[in-house]
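Under my numbering, the letters of the first sequence match residues 121 to 611, in that order.
Remarks on the structure that follows.
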Amino acid sequence: MTTVRTRLAPSPTGMMHIGTLRTALFDYFLAKQNGGKFIIRIEDTDRERLVPGAVENLLEMFEAVNITHDEGPFLCDDGTIEERGDFGPYVQSDRLDLYKKYADELVEKGFAYPCFCSSERLDEMRKAQIAIKHTTKYDRKCLSLTAEESEQKIQECEANGDTYVIRMKVPEGSTTFDDAIRGTITFDHQEVDDCILLKSDGYPTYFLAVVVDDHLMNITHVLRGEEWVSSTPKSIILFNMFGWGVPIFAHLPLILSPDKKKLSKRTGDTAVEIYFKHGYLAEALVNFIGTLGFNPSGDREIFTIDELVESFDLSKVNSGGAVLNMEKLDWMNKQYLMALSMEDVTLRATPFVAAEITDVVKRALFIERSRVSQLTEFDEALKPYLSLQAYEPSILVWKKADVADAVTQLERMVTFMETLDDTAFSAVDLLESAIKEYITHEGLQNGNVLWPLRVALSGQEKSATPFETLWVLGKETSLDRLQSAIAALKK
RNA sequence: GGCUCCAUCGUCUAACGGUUAGGACAGAGGCUUCUCAAGCCUUUAAUCGGAGUUCGAUUCUCCGUGGAGUCACCA
Numbered sequence: 121m122t123t124v125r126t127r128l129a130p131s132p133t134g135m136m137h138i139g140t141l142r143t144a145l146f147d148y149f150l151a152k153q154n155g156g157k158f159i160i161r162i163e164d165t166d167r168e169r170l171v172p173g174a175v176e177n178l179l180e181m182f183e184a185v186n187i188t189h190d191e192g193p194f195l196c197d198d199g200t201i202e203e204r205g206d207f208g209p210y211v212q213s214d215r216l217d218l219y220k221k222y223a224d225e226l227v228e229k230g231f232a233y234p235c236f237c238s239s240e241r242l243d244e245m246r247k248a249q250i251a252i253k254h255t256t257k258y259d260r261k262c263l264s265l266t267a268e269e270s271e272q273k274i275q276e277c278e279a280n281g282d283t284y285v286i287r288m289k290v291p292e293g294s295t296t297f298d299d300a301i302r303g304t305i306t307f308d309h310q311e312v313d314d315c316i317l318l319k320s321d322g323y324p325t326y327f328l329a330v331v332v333d334d335h336l337m338n339i340t341h342v343l344r345g346e347e348w349v350s351s352t353p354k355s356i357i358l359f360n361m362f363g364w365g366v367p368i369f370a371h372l373p374l375i376l377s378p379d380k381k382k383l384s385k386r387t388g389d390t391a392v393e394i395y396f397k398h399g400y401l402a403e404a405l406v407n408f409i410g411t412l413g414f415n416p417s418g419d420r421e422i423f424t425i426d427e428l429v430e431s432f433d434l435s436k437v438n439s440g441g442a443v444l445n446m447e448k449l450d451w452m453n454k455q456y457l458m459a460l461s462m463e464d465v466t467l468r469a470t471p472f473v474a475a476e477i478t479d480v481v482k483r484a485l486f487i488e489r490s491r492v493s494q495l496t497e498f499d500e501a502l503k504p505y506l507s508l509q510a511y512e513p514s515i516l517v518w519k520k521a522d523v524a525d526a527v528t529q530l531e532r533m534v535t536f537m538e539t540l541d542d543t544a545f546s547a548v549d550l551l552e553s554a555i556k557e558y559i560t561h562e563g564l565q566n567g568n569v570l571w572p573l574r575v576a577l578s579g580q581e582k583s584a585t586p587f588e589t590l591w592v593l594g595k596e597t598s599l600d601r602l603q604s605a606i607a608a609l610k611k
């Protein structure tokens with residue numbers, strides 16, 4: 121039995137795309153589930169669209185999301201990139217000789233041919249084809265050249281600095297393949313263009329490079345977005361021309377924006393990085409994106425990455441596109457946030473918090489984690505704890521009480537709190553039971569006591585419970601705030 | 001426009017050809033409660049249409065319709 125080998129083959133043309141993350145996740149699930157390998161290969165054959173730092177961003181995102189690949193480029197601590205694995209190089213621009221060699225092989229075998237047409241001629245040709253409503257494809261002008269004529273033209277090109285390309289000679293017939301997600305798909309070769317294999321700058325196009333590399337790297341499963349379906353016959357034709365085995369193809373459903381179109385920068389957040397900047401947790405993002413188009417069944421929503429690895433099943437991946445439901449991501453993020461320990465929430469929130477991380481801040485973060493849905497909201501949520509915000513004294517009065525009662529309750533609370541020692545302040549539960557006991561003992565109503573207490577402590581009508589707030593603030597600060605509330609009411 | 005793919009609540013989705021078509025997010029209502037959040041309960045909401053196969057179609061087939069993807073020296 122052959123080892124499962126999946127690969128993610130992104131082109132470094134910008135920030136890592138959310139769709140790329142989903143493909144990566146599925147690649148990872150499939151490989152890990154089968155004890156296989158997950159490989160990253162950088163497809164940088166388009167020199168014009170190259171974006172510096174794109175590879176670094178990709179690898180950083182992998183780190184952030186806690187997914188590790190087995191082969192490919194890795195980010196070192198010093199920021200440099202190093203390759204690991206036995207099938208390298210893993211960057212296509214380092215494999216140029218290979219593609220040239222295989223392109224030549226195809227020309228020799230008569231499966232490919234040089235083309236000298238100018239881009240101007242090609243443009244006009246296409247315009248004419250569109251005018252008569254035909255499929256736009258190369259008209260094979262250069263295929264009619266004899267071997268001698270081709271050779272002569274190549275000589276001429278080399279002599280005067282002109283360029284030419286190598287095109288695939290698509291045979292007659294049709295290609296049928298079994299998509300692991302979609303089932304049988306057939307394309308008539310009438311529809312398949314004699315696409316360019318080797319560009320005039322010596323770089324291969326995607327069509328050639330992907331086939332050569334997937335073969336040389338022993339890739340068993342090709343997972344990619346649905347937008348690639350129509351180019352699959354080209355790949356298969358090439359695999360056949362070389363006499364190589366064809367990997368299993370699985371075309372993933374597209375991730376859609378709310379208008380049901382392929383998610384683009386214009387219609388939504390496409391960069392994975394943005395989601396981290398917005399304050400989503402990696403676990404939530406993985407859970408959310410990893411179950412988009414795939415569901416492990418059962419009435420569950422929250423899954424760890426290991427559970428997803430275990431239950432993943434290519435044949436259960438949906439074929440329809442999926443709209444990003446941001447409200448659900450928010451909800452999911454909150455689920456993960458609420459499960460965080462004090463240490464963890466501090467760790468995660470620190471980059472989003474302007475204030476110094478003191479014990480008060482740590483406690484406040486811990487309490488507020490169930491009241492925010494994104495890490496970015498912490499900064500704002502922290503404010504009432506860091507300093508008392510100005511408020512209207514009238515809000516200190518509970519709806520079923522009056523000013524006089526509020527003053528009385530606050531004054532009595534001050535007296536009571538002074539009897540509480542450090543132990544009482546060490547836990548929310550202890551504070552709660554102490555105060556509840558006091559209320560019962562004194563024959564008071566919760567609302568009369570707790571409302572003014574809570575508002576005096578937080579300065580806000582809506583906030584965490586008074587017990588939580590006391591625990592965060594500590595005895596001294598709490599007493600100060602109670603005193604200023606009393607003073608404000610008496611004014 | 002050609003080709004290809006797709007089609008269950010608004011959204012994400014579940015349902016060996018046999019279910020009162022299930023769950024989740026969002027919405028509505030309620031409980032709990034000092035407020036908010038959380039939690040719990042209830043509720044609104046879907047098989048695109050038409051034929052066929054079958055004792056029985058969400059499920060299989062065909063035809064429509066709708067949507068999407070793709071048609072570069074980009075991937």
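The beta-carbon is built from N, C-alpha and C at its ideal position, and this holds for glycine as well.
Between Leu-434 and the set Thr-143, Gly-139, Pro-130, Met-136, the nearest pair of CA atoms involves Thr-143. Counting every other CB atom within 10 Å of its CB across the protein chains shown gives Ile-250 a total below 16, marking it as exposed. Between Tyr-258 and Asp-314, the CB-CB gap stays under 7 angstroms. Judged by pairs of C-beta atoms under 8 angstroms, the stretch 469-480 touches the stretch 488-504, as three or more such pairs exist. Taking a 10 Å sphere around the C-beta of Leu-336, we find fewer than 16 other C-beta atoms and assign the residue as exposed. With a 10 Å radius around the Cβ and a threshold of 16 neighbouring Cβ atoms, Ile-301 comes out buried.
In this structure, Thr-133 and Ala-174 form a Cβ contact; the two beta carbons are roughly 6 angstroms apart against a cut-off of 8 angstroms. Bounds of any alpha helix (DSSP H) do not take in Ser-417, whose DSSP letter is neither H nor E. Below 8 angstroms, enough C-beta pairs join the stretch 362-382 and the stretch 438-445 to call them touching: three or more. When the Cα atoms are used, Gln-580 and Pro-572 turn out to be separated by approximately 10 angstroms. Under the three-pair Cβ rule at 8 angstroms, the stretch 586-603 counts as touching the stretch 531-551.
Looking at the DSSP output, Ala-605 shares a beta bridge with no other residue.
Each of Ile-357, Leu-179, Gln-455, Glu-276 was checked against the Cα of Asp-308, and the nearest Cα belongs to Ile-357. Take the alpha-carbon of Leu-265 and the one of Phe-236: they are about 10 angstroms apart. Under the three-state reduction of DSSP output, Tyr-400 falls in the coil class, being neither helix nor strand. Looking only at Trp-348, Pro-209, Ser-604, Leu-609, the smallest Cα-Cα distance to Val-527 is reached by Leu-609. Exclusion of the five residues before and after Ile-477 leaves Thr-466, Thr-470 as the residues of its chain whose Cβ lies within less than 7 angstroms of its Cβ. Partner residues in the beta bridge of Asp-308, as assigned by DSSP, are Ser-294. The residues Asn-568, in chain order, have a CB closer than 7 angstroms to that of Asp-525 in the same chain once the five nearest residues on each side in sequence are set aside. In this structure, DSSP gives Pro-324 an extended state, which the three-state scheme calls strand.
Pairing Gly-139 with Gly-388 gives a Cβ-Cβ distance that is not under 7 angstroms.
Judged by their CB atoms, Pro-353 and Thr-304 are not nearer to each other than the 7 angstroms cut-off. In the displayed model, Asp-190 falls within coil according to three-state DSSP, outside both helix and strand. Just measuring C-alpha positions, the residue of Arg-241, Arg-161, Lys-595, Gly-365 sitting nearest Arg-204 is Arg-161. Under DSSP, the beta-bridge partners assigned to Phe-369 are Val-342. Looking from the CA of Thr-126, the closest CA among Glu-168, His-341, Val-480, Glu-596 belongs to His-341. Annotation: the stretch 242-287 contains no complete segment of the beta strand (DSSP E) (minimum length 3 residues). Glu-228 and Ala-129 have their alpha carbons spaced roughly 29 angstroms apart. Scanning the stretch 496-548 from its first residue to its last, the whole alpha helix (DSSP H) runs of 4-plus residues come out as 498-506, 523-538. Per DSSP, Thr-466 is one residue of the alpha helix (DSSP H) stretching across 462-469.
Take Leu-449, set aside five residues on each side of it, and the residues of its chain with a beta-carbon closer than 6 angstroms to its own are Phe-408, in chain order. About 6 angstroms separates the Cβ atoms of Leu-508 and Arg-601, confirming a contact at the 8 angstroms cut-off. Straight through space, the alpha carbons of Gly-413 and Ala-501 are spaced by roughly 35 angstroms. Thr-126 carries a strand assignment under DSSP once its states are collapsed to helix, strand and coil. The beta carbon of Ala-576 sits closer than 7 angstroms to the beta carbons of Leu-516, Leu-530, Arg-601, Leu-602, Ala-605 from its chain, once the five residues preceding and following it are set aside; these are given in chain order. Counted as a single uninterrupted DSSP element, the stretch harbouring Leu-374 is not any alpha helix (DSSP H), since DSSP gives it neither H nor E.
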